[in-house]
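*Asks:* For the record, in the sequence shown the residue sitting at position 88 is 130 according to my numbering, with numbers rising by one throughout.
Heads up, the beta-carbon is just placed ideally off N, CA and C, and yes, glycines get one too.
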Amino acid sequence: QVQLVESGGGLVQPGGSLRLSCAGSAFTFRINTMGWYRQAAGKERELVATITTTGGTNYADSVKGRFTISRDTAKNTIDLQMNSLSTEDTAVYYCNTYSAYWRTIAYWGQGTQVTVSS
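(1) Does the beta-carbon distance from tyrosine 135 to arginine 80 come in below 7 Å?
(2) Which runs of the beta strand (DSSP E) at least 3 residues long sit entirely within the stretch 93-158? Give them in chain order.
(3) Is the separation between the beta-carbon of glycine 58 and that of leucine 127 shorter than 7 Å?
(4) Count the other CB atoms, across all protein chains shown, that sit within 10 Å of the CB of aspartate 114; report buried if there are 16 or more and exposed otherwise.
(5) Which class does alanine 68 belong to by DSSP, given the choice of helix, strand or coil?
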């Protein structure tokens with residue numbers, strides 16, 4: 043199974059910013075499209091953003107223009123810069139590989155909690 047560790051979450055006021063980081067192996071990141079996902083309390087996990095092996099990105103409509111996914115090859119991380127946060131962004135954020143079958147992924151890391159509140 044893929045070993046991924048998410049970090050960077052916390053409590054932030056509406057309108058604030060956070061930067062999440064996903065640490066993993068260079069091999070995993072080199073061969074896979076990667077994604078950031080989130081799951082709010084009582085809701086299903088949803089896809090937030092993806093980045094391909096060649097740097098192509100895609101975003102959920104709800105975060106487009108506010109979130110930026112990127113690869114840091116020097117640190118072997120997949121990062122998610124989140125700006126203009128709102129209470130609706132409150133969730134546990136996870137990173138994982140991405141494919142059309144991502145909903146069938148069995149293993150998820152612990153994630154990192156993002157709470158947006160005044």
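*Replies:* From the atom records:
(1) On the sequence shown, residue 135 is found 93 positions in, with the first residue counted as 1. On the sequence shown, residue 80 is found 38 positions in, with the first residue counted as 1. Closer than 7 Å, so yes.
(2) Counting only runs of at least 3 residues, the stretch 93-158 fully encloses the following beta strand (DSSP E) elements, listed from N- to C-terminal order: 99-101, 109-114, 119-124, 133-139, 154-158.
(3) In the sequence shown, residue 58 corresponds to position 16, counting from 1. In the sequence shown, residue 127 corresponds to position 85, counting from 1. A contact, by the Cβ cut-off of 7 Å.
(4) Numbered from its first residue, the sequence shown carries residue 114 at position 72. With fewer than 16 other beta carbons inside 10 angstroms of its own, aspartate 114 counts as exposed.
(5) Indexing the sequence shown from 1 puts residue 68 at position 26. Residue state, collapsed to three classes: helix.
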